[in-house]
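Written below as structure tokens is the structure these notes are about.
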Amino acid sequence: MTDGTRQLHLGAILGGVGMTQNEWLHPDIPGDASVNIDWYIETARRAEAAKFDFVFVVDSPYITPDTAPHFLNRLEPLTLLSAIAVATTHIGLAATLTTSYWEPYNVARQFASLDLISKGRAGWNVVTTGLEGAAGNYGREAHFDHAERYRRALEFVRVVQGLWDSYEDDAFPRDKAAGIFLNKHGQHRLDHKGEFFSVAGPLNIQRSRQGQPVIFQAGDSSEGRALGAEIADATFVAAADFDAALAYARDLKGRAAALGRDPDKVLAMPGINVVLEDTDQAAQARERARTEKLDFGKSLVELGRLFNYHDFRQYDPDAPFPDVSNLSLNSYKGAAERVVRAAKAENLTLRETVARFAWRHSAFVGSAETVAAELERWFLAGAIDGIILHSPNPDDFNRFLRDVVPILQAKGLFRIDYTQATLRGHLGLPFPENRHTAAARPRAMAAE
Ligand SMILES: Cc1cc2nc3c(=O)[nH]c(=O)nc-3n(C[C@H](O)[C@H](O)[C@H](O)COP(=O)(O)O)c2cc1C
382 MTDGTRQLHL
392 GAILGGVGMT
402 QNEWLHPDIP
412 GDASVNIDWY
422 IETARRAEAA
432 KFDFVFVVDS
442 PYITPDTAPH
452 FLNRLEPLTL
462 LSAIAVATTH
472 IGLAATLTTS
482 YWEPYNVARQ
492 FASLDLISKG
502 RAGWNVVTTG
512 LEGAAGNYGR
522 EAHFDHAERY
532 RRALEFVRVV
542 QGLWDSYEDD
552 AFPRDKAAGI
562 FLNKHGQHRL
572 DHKGEFFSVA
582 GPLNIQRSRQ
592 GQPVIFQAGD
602 SSEGRALGAE
612 IADATFVAAA
622 DFDAALAYAR
632 DLKGRAAALG
642 RDPDKVLAMP
652 GINVVLEDTD
662 QAAQARERAR
672 TEKLDFGKSL
682 VELGRLFNYH
692 DFRQYDPDAP
702 FPDVSNLSLN
712 SYKGAAERVV
722 RAAKAENLTL
732 RETVARFAWR
742 HSAFVGSAET
752 VAAELERWFL
762 AGAIDGIILH
772 SPNPDDFNRF
782 LRDVVPILQA
792 KGLFRIDYTQ
802 ATLRGHLGLP
812 FPENRHTAAA
822 RPRAMAAE
């Protein structure tokens, strides 16, 4: 039990037909799930009935014929979340948009709209995009290099946040009797000129009741962590085991504290999947059976995605892992570097590397009691503030909602009902006062 002040946070990835190769084969996943609004709404409503903090939609603007099914044919995230917003009432709605191929003005406007449509439930997952091919879809010859992407991301987010504060919260009196629609003093230009962007503003939309959308961030390289520590309300990373999760959370919060931020307001929410059965033995047996059935060629493609879709099929699987360290530098850098480091340190073959990194082993395999106890252990030790649940198998999602959530509630770790109206509220994050209102206050007080 906790004293009830610190609560676990739960998000769920709406993964459609699956972000790995075989998920779509499950009989309960409609073959068109990734383009089927009814499926999305039903899944989001179920997460809402279980009192989840939010649902989340991943994004990536580049595919190949080998890309996993969900990415091949899917609804655009913000359009999708706008539809889910009107079919739900409490659950937060978060989506990825890349800072490498959009303009801050568009992104600010889209998320501000979602935030109003959902009445304060929007969240933006900031990524820089690891796939070089994205460049070809946005009129560029080459992808930005990794360091440049992260410099651009920081400026991008600061511009978006500046635009979100274009209107103070009392800017629109809408006083029909007096004929005053806008209080012009409450509207502010941005006049930003930086390394990458030049944006005048103001943005043409007001703030929602949560002030600004929540900022999520998912990047695991040291540049990615630095950005997360600076801008994120919550971060997503992969967490292979307890030690990795704890080390990550300490690193993230240490970096945030060094920047003068409250580390308790930068939430570490690793992406995890669970394997749930009635007993630990049954869960372990199912997990073994799953990995035995995996197609090695497809697993090679999944490993290759981390290295900008490098084709690992050209190598002898039983020879030492090939030297691809140069390919890790500009793709999914943090994850790719982890693979290269482990393969080198432990002298792994390509086959062993695939088994370790492409098979998506879970640290949460067992009965509902075992998985809940493990989540409690990670949470109480400070390794996680919550999780973002990725459920390749819908049976596991169903069991998590039905069996694990009530145990977490009984332990006092998770809400029994929503007590807040906004995503910021669910996550225990403060309301961000409009910067212009805050800046004007000392002047107003001095004048009194
Ligand atoms: C739960 C979770 C969700 C993620 N969602 C996305 C996403 O939607 N789009 C994306 O490009 N990267 C996403 N990422 C991040 C990538 O997997 C990868 O770690 C990151 O983009 C690489 O950044 P880095 O170069 O700083 O390591 C996600 C990661 C996690 C753990």
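Position 328 (the sequence shown) corresponds to 709 in this note's numbering; numbering is contiguous.
Where a beta carbon is used, it is the ideal one built from N, C-alpha and C, also for glycine.
Residue pairing by DSSP places Lys574 opposite Ser579 in a beta bridge. Counting every other CB atom within 10 Å of its CB across the protein chains shown gives Ile769 a total of 16 or more, marking it as buried. Within 10 angstroms of the beta-carbon of Phe795 lie 16 or more other beta-carbons, which makes it buried. Summarising the contact set, residues whose Cβ lies nearer than 7 Å to any heavy atom of ligand 1 are, in chain order, Ile394, Val439, Asp440, Ser441, Thr477, Thr479, Asn506, Val508, Thr509, Thr510, Gly511, His527, Ala599, Gly600, Asp601, Ser602, Glu604, Gly605, Phe617, Val618, Ala619, Pro651, Gly652, Tyr713, Lys714, Gly715, Ala716, Ile769 and His771.
It is roughly 27 Å from the alpha-carbon of Val398 to the alpha-carbon of Thr660. With 16 or more other Cβ atoms inside 10 Å of its own Cβ, Ser481 counts as buried. Restricting attention to Glu484, Ala552 and Val416, the CA atom closest to the CA of Thr460 is found in Val416. Taking C-alpha positions only, Ala581 is separated from Val541 by approximately 12 Å.
Inclusion of Ala552 and Leu544 in the CB contact set at 8 Å is not warranted, their separation being larger than that value.
Using a Cβ-Cβ distance cut-off of 8 Å, the region 607-621 and the region 637-650 are in contact, since at least three pairs of beta carbons, one from each stretch, lie closer than that value. The three-state reading of DSSP puts Leu535 in helix, counting H, G and I together.
For Gln598, the enclosing beta strand (DSSP E) begins and ends at Val595 to Gln598. Under the three-pair Cβ rule at 8 Å, the region 449-458 counts as touching the region 402-417. Secondary structure at His390: strand, using DSSP grouped into helix, strand and coil. Between Leu395 and Ala430, the gap from beta carbon to beta carbon reaches 8 Å or more. Within the same chain, and ignoring the five residues on either side of Glu668 in sequence, the residues whose Cβ sits closer than 6 Å to its Cβ are Val656 and Val746. Along the region 758-813, the beta strand (DSSP E) occurs as fully enclosed runs of 3 or more residues at 767-770, listed in sequence order. Between the alpha carbons of His817 and His569 lies a gap of roughly 8 Å. The beta carbon of Lys725 sits closer than 8 Å to those of Phe702, all from its chain and outside the five residues before and after it, given in chain order.
For Val416, there is no enclosing beta strand (DSSP E), since its DSSP letter is neither H nor E. Of the candidates Arg741, Asn689, Asp572 and Ala744, Asn689 places its Cα closest to the Cα of Ala717.
Annotation: the continuous beta strand (DSSP E) that includes Asn506 extends over Ala503 to Val508. Taking all protein chains shown into account, Lys432 has 16 or more neighbouring C-beta atoms within 10 Å of its C-beta and is therefore buried. Listed as beta-bridge partners of Gly609 by DSSP are no residues whatsoever. Apart from the 5 residues on each side of it in sequence, Phe738 sits with its Cβ closer than 7 Å to the Cβ of Leu684 and Val720 in its chain, given in chain order.
In this chain, Leu710 is not harboured by any alpha helix (DSSP H), its DSSP state being neither H nor E.
Distance from the CA of Ser589 to the CA of Ala503, rounded to the nearest whole angstrom, comes to 9 Å. A distance below 6 Å between beta-carbons, with the five flanking residues on each side excluded, links Thr479 to the following residues of its chain, in chain order: Val508 and Thr510.
Here the alpha carbon of Val595 sits roughly 16 Å from the alpha carbon of Pro485. Closest by C-alpha distance to Val618, out of Ile586, Asn707, Leu497 and Ala764, is Ala764. It is roughly 37 Å from the alpha-carbon of Leu789 to the alpha-carbon of Ser712. In the DSSP assignment, Gly473 falls within the beta strand (DSSP E) that extends over Gly473 to Thr479. DSSP places Gly560 outside both helix and strand once states are collapsed to three, so it counts as coil.
Taking the Cα positions, Asp699 is about 12 Å away from Phe693. Here Phe760 is buried, its C-beta having at least 16 other C-beta atoms within 10 Å.
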